[in-house]
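Single-structure report; data block below.
Numbering (the UniProt record's numbering), first residue to last: 1 to 63.
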């Protein structure tokens, strides 16, 4: 038994399930990309303009 579909004699996953999995994978990739961009922006703001970023995230100003 290789997987849940093998035990019933199916050699491929249901096309609808495969499409849902692909959509979920794309959503995860999009979310990762958005989070990476946000992290980059926060890092750049913190380095180049800490007085702008600090009040918004509750940090003390860097000296």
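Even glycine gets a Cβ: it sits at the ideal position worked out from N, Cα and C.
- Quick one: what does DSSP say residue 16 is sitting in, helix, strand or coil? In the chain shown, residue 16 corresponds to position 16, counting from 1. DSSP places residue 16 in helix when its eight states are reduced to three.
- Item | Span separating the alpha-carbon of residue 28 from that of residue 37 | As a working note, residue 28 is residue 28 in the chain shown. As a working note, residue 37 is residue 37 in the chain shown. Near 14 Å, if we compare the C-alpha coordinates of residue 37 and residue 28.
- Query: Cα separation between residue 51 and residue 45?
  - Reply: Along the chain shown, one-based indexing puts residue 51 at 51. Along the chain shown, one-based indexing puts residue 45 at 45. Using only the alpha carbons, I get a separation of about 9 Å.
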